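Participant:
In the numbering used here, the protein residues as written are 42 to 96.
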């Protein structure tokens, strides 16, 4: 998978950094109660995702 993105912050507060063949993507999301774990599991289900952290 090739990630094509522009580094920097958008109006939505997301940021992408290309790290060689990897990309670190930081998202600022607003979710309802109980959706956090479902969202984390869905992202972890993507084959190429190596790590998911919620801060």
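By construction, the Cβ of each residue, glycine as well, lies at the ideal position given by its N, Cα and C atoms.
Nothing here was measured: the structure is a model prediction, and the numbers come from that model.
#1: Which value, in whole angstroms, describes the spacing of the CA atoms of residue 94 and residue 72?
#2: Could you check what DSSP says for residue 77 in three-state terms: helix, strand or coil?
#3: What first and last residue would you give for the beta strand (DSSP E) that runs through residue 65?
#4: So what does DSSP say about residue 91, is it helix, strand or coil?
#5: Hey, how far is the Cα of residue 63 from the Cα of residue 89?
Facilitator: With the structure as the only source:
#1: Taking C-alpha positions only, residue 94 is separated from residue 72 by approximately 15 Å.
#2: Helix at residue 77.
#3: Unbroken beta strand (DSSP E) run through residue 65: 63 to 67.
#4: DSSP places residue 91 in coil when its eight states are reduced to three.
#5: Annotation: residue 63 to residue 89 spans about 9 Å, alpha carbon to alpha carbon.
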